[in-house]
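Structure first, commentary second.
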Amino acid sequence: MPQFEAAGAQVVGVSADHIATLEAWGKQNHVHYLLLSDFRRSMLPAYDALVTDDKSPIYRYAKRAYYVIDKNGVVRWIKVEANPLDLLDPAEVLKALKESGV
Amino acid sequence: MRRIALPLAAALLLTGLALASPVAALEVGQKAPDFTLAAPGGKQVKLSDLTAKGPVVIFTFIQAFTGT
Numbered sequence: 005m006p007q008f009e010a011a012g013a014q015v016v017g018v019s020a021d022h023i024a025t026l027e028a029w030g031k032q033n034h035v036h037y038l039l040l041s042d043f044r045r046s047m048l049p050a051y052d053a054l055v056t057d058d059k060s061p062i063y064r065y066a067k068r069a070y071y072v073i074d075k076n077g078v079v080r081w082i083k084v085e086a087n088p089l090d091l092l093d094p095a096e097v098l099k100a101l102k103e104s105g106v
Numbered sequence: 017m018r019r020i021a022l023p024l025a026a027a028l029l030l031t032g033l034a035l036a037s038p039v040a041a042l043e044v045g046q047k048a049p050d051f052t053l054a055a056p057g058g059k060q061v062k063l064s065d066l067t068a069k070g071p072v073v074i075f076t077f078i079q080a081f082t083g084t
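Chains W and P, in that order, give the protein sequences.
One gets this note's numbering by counting positions in the first sequence from 1 and adding 4 to each.
One gets this note's numbering by counting positions in the second sequence from 1 and adding 16 to each.
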């Protein structure tokens, strides 16, 4: 995470959890980046990052996706994982951030 | 009647197709849709508030407390 800060970027994690859940989870895991709750599923569809699954107890949840957005609010890099269990190496995101020249 | 019916049917078909097609995917180079989301401490955070301070790396994840 310090490498992202050194590169001048803010790291933000978004899920469809309630903010109270995210807050508790963040405290328990000493999360130092900003956590945001899209409990109303308003942001995730606009970012093509919402899964609707009738068979899931969560029903509508976030995909695993990564976005680099520059200071003008323009999307510079996107990676949406087909399998939500696939974690991207943070180094790959950092590389994308640096290469996007933001 | 046929002269009206055919273009009308075509127009209805095209409207139906347009309505049925999925929302255009977010692409590199596009303006990121702004959002206002709940943050810890009862705050509301807008994307534009964040980008005003510099570039932002956003990641989305399935559910807290699950390792996903």
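Ideal Cβ positions, reconstructed from N, Cα and C, are used throughout, including at glycine.
None of these values were measured; they are calculated from a predicted model.
Check, Outcome
"Rounded straight-line distance, which links the Cα of Ile74(P) to that of Gln46(P)", "15 Å"
"Continuous alpha helix (DSSP H) stretch holding Ser46(W): start and end", "Segment: none, Ser46(W) is in no alpha helix (DSSP H) and carries neither H nor E."
"Beta-bridge partners of Ala66(W), as assigned by DSSP", "Leu54(W)"
"Cβ of Phe75(P) within 9 Å of any chain W Cβ", "yes"
"For Glu85(W), the nearest candidate out of Ala20(W), Ala53(W) and Ser60(W) (CA to CA)", "Ala53(W)"
"N-terminal and C-terminal residue of the alpha helix (DSSP H) that Gln161(W) is part of", "Residue 161(W) is absent from the model: chain W starts at 5 and stops at 106."
"Backbone secondary structure at Ile82(W) - three-state DSSP", "strand"
"C-alpha gap between Gly58(P) and Ser41(W), whole angstroms", "11 Å"
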